[in-house]
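Residue numbers (the numbering used here): 21 to 446.
The C-beta atom is built at its ideal place from N, Cα and C for all residues, glycine as well.
These numbers come from a predicted model, not from an experiment.
In what follows, a single structure is set out as structure tokens and then discussed.
Right, here's the structure in full:
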């Protein structure tokens, strides 16, 4: 029989045994986890448990056992719900009035985004201390690649992740769930299994069998509408995908068919993005011909939303904004502006880039490309170079934007839109 590697979640000691042991050999704790592949697994996913609500409960002890949701007014939506609230069926992106109907005693707290960002940075620093390969997914979750860190930390990645989990709880006061596996999609699935304060491991040997009995909705990239289409033809579990005619499956999944089939088998070749000295981030769009200033400004605003999302994902703020225009005669115009005002929020990006655009755009010129970029970065952790939340109007704009970001992260990118673009969507 292959030896099982045991790890105690209390004292973090590790030992091998041919039989399953439920009690720690060192501290006698019953909080023991065992797995055959502990030594081979180095890709982790860390996810803060009900992050916004957890922070509010940490800061106000009277809320500890109460149902809490972070969100807007009666006309708004729930950005996050604690686990007590979830027992009533309350979920992220649910209208606030509906949440109150489900739970009249629900405590609704306005989001304090600047506070959540500060705590997110603290957690990020803890992850950075373990590996340079940290890929933030959002404000409250990230992938980590701990390959090659065993010699440095004198322990396998599993123990390094358990140390981070304990440190976050002791130093910050909230729980996180950790998934450990051999690739990103499996690590993400693992982190979702034992919430809150979970630790779950999925090895390569067990992946295919484990996935086969799981509903297809767990596969990364399958939206609700696609899941409904698959269910309508009898595909409910991952194993069903492999018993279905490929050409018919392709009619539903299109060009993503092979990718979905691989994910359903536990195959994911995506690498964890490693920190690098990123000097600039930019986005641009090309069109056949746009003449009116209003049309160009609409395109610019969409680019600002996209650029802001990328900056937030990397936790970057910049000081220099660059606008790029290309005419139908292929003349390229670039203009930049630098200031001490932080650039990350979409409404700030648009305000500054609109000024540059108005100085350059000509009524008698047709344009075929517009782009914007941010450079002169500073990672968003310096007290002297932060997002400014002191101005009340700016604070409301920031909170609205972060709330929209949170909703989009839960229900799908760009499902929630700014009013100015409503007529441009189908």
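Reference residue i, options the options, closest by Cα
i	options	result
residue 8	248, 186 and 215	It is not possible to answer for residue 8, since the shown part of the chain is limited to 21 through 446.
residue 278	293, 262, 230 and 207	262
residue 264	306, 281 and 323	281
residue 89	64, 128 and 374	128
residue 31	308, 85 and 185	185
residue 345	39, 274, 230 and 323	323
residue 175	199, 155 and 62	62
residue 130	60, 200, 92 and 347	92
residue 349	288, 321, 385 and 120	385
residue 291	271, 153 and 391	153
residue 256	267, 271 and 284	284
residue 288	268, 212, 143 and 201	201
residue 149	269, 164, 132 and 135	164
residue 364	325, 375 and 347	325
residue 147	198, 104, 85 and 376	198
residue 203	65, 42, 347 and 120	65
residue 247	336, 267 and 273	273
residue 67	155, 328, 225 and 327	155
residue 187	144, 225, 84 and 105	144
residue 347	383, 294, 321 and 336	383
residue 337	294, 84 and 141	141
residue 71	321, 217, 250 and 328	217
Buried or exposed (CB count within 10 angstroms, at least 16 for buried), residue i
i	result
residue 352	exposed
residue 372	buried
residue 73	buried
residue 378	exposed
residue 117	exposed
residue 342	buried
residue 38	exposed
residue 245	exposed
residue 229	exposed
residue 136	buried
residue 151	buried
residue 308	exposed
residue 243	exposed
residue 432	Model confidence at residue 432 stands at a pLDDT of 49, short of 50, so the residue's coordinates are unreliable; what they give is reported in the following sentence. Under this definition residue 432 is an exposed residue.
residue 14	Nothing about residue 14 can be read from this structure; the chain reaches only from 21 to 446.
residue 407	Its pLDDT being 40, under 50, residue 407 is placed unreliably by the model, and the measurement read from it follows with that caveat. The residue is buried, with at least 16 neighbouring Cβ atoms inside 10 Å.
Cβ separation of residue i and residue j, assumed to be a contact under 8 angstroms, to the nearest whole Å
i	j	result
residue 177	residue 126	That pair is no contact at about 39 angstroms.
residue 387	residue 316	6 angstroms
residue 34	residue 27	5 angstroms
residue 390	residue 313	The Cβ separation is near 12 angstroms, so there is no contact.
residue 355	residue 380	6 angstroms
residue 300	residue 394	7 angstroms
residue 259	residue 232	4 angstroms
residue 227	residue 286	3 angstroms
residue 396	residue 306	Not a contact, Cβ separation roughly 26 angstroms.
residue 123	residue 108	4 angstroms
residue 139	residue 75	6 angstroms
residue 225	residue 374	Not quite, the Cβ-Cβ distance comes to about 56 angstroms (not below 8 angstroms), so this is no contact.
Under the three-state DSSP convention, the category residue i falls into
i	result
residue 122	helix
residue 165	strand
residue 104	helix
residue 362	strand
residue 370	helix
residue 155	strand
residue 340	strand
residue 323	helix
residue 82	helix
residue 38	coil
residue 71	helix
residue 53	strand
residue 177	helix
residue 384	coil
residue 212	coil
residue 199	strand
residue 220	strand
residue 289	coil
residue 301	strand
residue 31	coil
residue 239	coil
residue 25	strand
residue 150	coil
query = Does the region 71 to 80 touch the region 180 to 198, meaning 3 or more C-beta pairs lie closer than 8 angstroms?
reply = With the cut-off at 8 angstroms, the region 180 to 198 and the region 71 to 80 touch.
query = With a cut-off of 8 angstroms, do at least 3 Cβ pairs link the region 165 to 176 to the region 113 to 130?
reply = no
query = Just checking, does the region 44 to 55 make contact with the region 202 to 212 on the three C-beta pairs under 8 angstroms criterion?
reply = no
key: Three CB pairs or more closer than 8 angstroms across the region 88 to 105 and the region 235 to 255   = no
key: Segment contact flag, the region 53 to 62 with the region 219 to 231, C-beta cutoff 8 angstroms, min 3 pairs   = yes
ask   = For the region 347 to 362 against the region 179 to 189, are there 3 or more C-beta pairs whose distance is under 8 angstroms?
value = The region 347 to 362 vs the region 179 to 189: no contact.
Inter-stretch contact at 8 angstroms, needing at least 3 Cβ pairs: the region 329 to 340 / the region 149 to 162 = yes
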